[in-house]
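In numbering that gives the first Met the number 0, the protein residues as written are 0 to 235.
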Amino acid sequence: MKYLTLSFDDGTVQDRRFVKLLNKYGLKCTFNLNSGLFDNRHDITHEGILVNHDEISASEVAELYAGHEVAAHTVTHPNLLQCSESEIIHQVRDDAEALGKLCGYKIVGMAYPGGPYFNDETIRVITGNTDIFYARAVGSHFTFGFPERLMAWYPTCQFHPSQYAELDRLTDEFISYKGDGDLLFYLWGHSFELDKFGNWDRFERFCDKIAGKDDIAYVTNREVAERVRQGEVSAH
Ligand SMILES: [Zn+2]
Numbered sequence: 000m001k002y003l004t005l006s007f008d009d010g011t012v013q014d015r016r017f018v019k020l021l022n023k024y025g026l027k028c029t030f031n032l033n034s035g036l037f038d039n040r041h042d043i044t045h046e047g048i049l050v051n052h053d054e055i056s057a058s059e060v061a062e063l064y065a066g067h068e069v070a071a072h073t074v075t076h077p078n079l080l081q082c083s084e085s086e087i088i089h090q091v092r093d094d095a096e097a098l099g100k101l102c103g104y105k106i107v108g109m110a111y112p113g114g115p116y117f118n119d120e121t122i123r124v125i126t127g128n129t130d131i132f133y134a135r136a137v138g139s140h141f142t143f144g145f146p147e148r149l150m151a152w153y154p155t156c157q158f159h160p161s162q163y164a165e166l167d168r169l170t171d172e173f174i175s176y177k178g179d180g181d182l183l184f185y186l187w188g189h190s191f192e193l194d195k196f197g198n199w200d201r202f203e204r205f206c207d208k209i210a211g212k213d214d215i216a217y218v219t220n221r222e223v224a225e226r227v228r229q230g231e232v233s234a235h
């Protein structure tokens, strides 16, 4: 089987439009949210243009992300390498608990805020003190491999202008693969960057191209992680 999963961070207001697109095409995504930043008002400037970085409200989480997965991204998005052990526990456990209350299910995954800011000690603290059993890092490997370590899970590629050429190549390769092995296509990004780089059309073309295939399972990160943990999928 081929598995496609998406992972998008920060819970900005562009997720509303993004989720509509995913639902139109039947794609599944895991959304990594900061429970301490709901309703945060913030803009960023890119090439002289103001990009909205407002965050959604707590009250819309359950309905907006229904059918997808909500995962942790810490309470306030700190660099975890600069946090004490108790602060790491607070940032991850309290975020997961707050999000779990909003969604009505246990939160078991996360994405590290800022991407590369974790190490073996961070993993030890998180797995020893929370229900988190998988965590996404940043750094594309441009393959369809499954993670060797669920707590240091690197994606296939990022939806970002610097990786469009790889994304296009990988999308065609993934769709045309007819072998026996299990493949995982793991795409991550930020929905506010679709505003930032004006690439909503490109994202919709990706959805249109990859959606509706009989030999692709459209799943959340959690569904992949559970299969990996149970040894149900194998690297090709
Ligand atoms: Zn983030």
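Positions of the beta carbon are idealized from the N, C-alpha and C atoms, including for glycine. As the structure is a prediction and not an experimental result, all values here were calculated from the model.
Nearest-angstrom Cβ-Cβ length linking residue i and residue j, presumed shorter than 8 Å
| i | j | result |
| --- | --- | --- |
| F184 | L3 | 5 Å |
| M150 | T126 | 6 Å |
| Q108 | A70 | It is Gly, not Gln, that sits at residue 108 in the sequence shown. The pair is a contact, with the Cβ atoms about 4 Å apart (cut-off 8 Å). |
| P77 | P112 | 7 Å |
| H41 | D53 | 6 Å |
| K1 | I215 | 5 Å |
| F117 | L63 | Wrong, their Cβ atoms sit about 27 Å apart, outside the cutoff. |
Local conformation of residue i per DSSP, three classes
| i | result |
| --- | --- |
| K1 | strand |
| D42 | strand |
| Q157 | strand |
| R135 | strand |
| N118 | coil |
| S190 | coil |
| D214 | coil |
| D171 | helix |
| Y163 | helix |
| S233 | coil |
| E86 | helix |
| T126 | helix |
N-terminal and C-terminal residue of the alpha helix (DSSP H) that residue i is part of
| i | result |
| --- | --- |
| R92 | Premise fails: R92 is in no alpha helix (DSSP H) and is neither H nor E. |
| L314 | Since the first residue of the chain shown is 0 and the last is 235, residue 314 is not available in this structure. |
| L20 | D14 to Y24 |
| V50 | Here V50 belongs to no alpha helix (DSSP H); instead the beta strand (DSSP E) covers I48 to N51. |
| A224 | N220 to R228 |
Endpoints, beta strand (DSSP E) assigned at residue i
| i | result |
| --- | --- |
| W199 | Premise fails: W199 lies in the alpha helix (DSSP H), W199 to I209, not in any beta strand (DSSP E). |
| T75 | Run containing T75: none; DSSP gives neither H nor E here. |
| T29 | C28 to L32 |
| A57 | Counting along the chain, A57 falls outside any beta strand (DSSP E), and DSSP gives it neither H nor E. |
| M109 | G108 to A110 |
Within-8 Å CB hit, residue i to chain C
| i | result |
| --- | --- |
| H140 | Chain labels in this structure do not include chain C; a single protein chain is all it has. |
_Would the segment 62-69 count as touching the segment 18-36 if we require 3 or more Cβ pairs under 8 Å?_
yes
*Can you list every residue whose CB sits closer than 6 Å to some heavy atom of ligand 1, going in chain order?*
D8, D9, H72, H76 and P112
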